[in-house]
Amino acid sequence: MTIFSRFLKDESGATAIEYSLIAALMASAVIIGMQTLTPQITTAFTNIGNKMTVP
60 MTIFSRFLKD ESGATAIEYS LIAALMASAV IIGMQTLTPQ ITTAFTNIGN KMTVP
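Here the sequence shown stands for residues 60 to 114, where the numbers follow this note's numbering.
This is the structure in structure tokens:
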């Protein structure tokens with residue numbers, strides 16, 4: 060019975076789940092942000108590359 064009550068009081072698993080949910084939310088925000096900004100970043104680097112070429 061003491062093992063079962065100790066298992067019920069243990070909250071380390073809940074903390075790990077909370078951190079993993081936060082990490083998943085942050086990862087999805089980064090992925091969405093990168094997908095949104097990719098065309099602008101590509102255009103900017105293309106423009107910079109075109110201006111740096113030697114005629």
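Just so it is clear, CB atoms sit at the ideal spot from N, CA and C, and this is done for glycine as well. This one's a predicted model, so the numbers in the text were calculated from it and none came from an experiment.
- Rounded to whole angstroms, residue 106 and residue 76 show a C-alpha spacing of 44 Å.
- Our two residues, residue 111 and residue 83, have alpha carbons roughly 39 Å apart in a direct line.
- The three-state secondary structure of residue 77, taken from DSSP, is helix.
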